Amino acid sequence: MKTMKLGKTGMDVSRIGLGTWSIGGGSAWGGDHDLQTVVDTIREAPKAGVNLIDTAPGYNFGNSEKILGKALEGMNREDVKIITKCGVTWDQEMKGDLFNK
Numbered sequence: 001m002k003t004m005k006l007g008k009t010g011m012d013v014s015r016i017g018l019g020t021w022s023i024g025g026g027s028a029w030g031g032d033h034d035l036q037t038v039v040d041t042i043r044e045a046p047k048a049g050v051n052l053i054d055t056a057p058g059y060n061f062g063n064s065e066k067i068l069g070k071a072l073e074g075m076n077r078e079d080v081k082i083i084t085k086c087g088v089t090w091d092q093e094m095k096g097d098l099f100n101k
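In this text, residue positions in the sequence shown follow full-length UniProt numbering: the first is 1, and each later residue adds one.
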């Protein structure tokens, strides 16, 4: 897998990343997925050379982050680079607000 520097951080990241939008489940996020399949996929990514994992607290109200945390248990933390973002928060009616306090 080819890598590149992430901005000015000096970190080497894979050119292909693993996105976690849909792993949190729910219809707006791509439907429900088998939890063990999701965990296995995340754990296999570094073996395939993918070390960049994208998540955000807005992905199914934080559920994607919780599942990602479960998948990373017992893994070498140096094997992955987790990137996230902030700004959009969702309420239960699926109304997104930017930089909600």
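Glycine included, each C-beta is placed from N, C-alpha and C at the ideal position.
All of these numbers come straight from a predicted model, not from anything done at the bench.
Limits of the unbroken beta strand (DSSP E) element including residue i
i   : result
G69 : Careful: G69 lies outside any beta strand (DSSP E), inside the alpha helix (DSSP H) at N63 to L72.
Residue i to residue j span [Cα, whole Å]
i   : j   : result
S64 : G7  : 25 Å
P57 : T20 : 11 Å
T41 : F61 : 21 Å
L98 : C86 : Because L98 carries a pLDDT of 49, less than 50, the predicted location of this residue cannot be relied on, and the following value inherits that uncertainty. If I take the Cα positions, the gap works out to 9 Å.
V39 : K66 : 11 Å
T3  : R15 : 5 Å
L18 : K5  : 17 Å
L72 : M1  : 21 Å
N51 : V80 : 4 Å
K70 : L35 : 10 Å
H33 : G24 : 8 Å
T84 : S22 : 15 Å
I82 : L68 : 10 Å
Element boundaries [alpha helix (DSSP H), containing residue i]
i   : result
I16 : Element bounds for I16: n/a, residue is neither H nor E.
D40 : L35 to E44
Which residues DSSP lists as bridging residue i, in chain order
i   : result
M4  : V13
I83 : D54
Any non-hydrogen atom of the ligand FAD closer than 6 Å to residue i Cβ
i  : result
T9 : Ligands displayed in this structure: none; no statement on the ligand FAD is therefore possible.
Any contact of the segment 41 to 48 with the segment 3 to 12, i.e. 3+ C-beta pairs under 8 Å?
no
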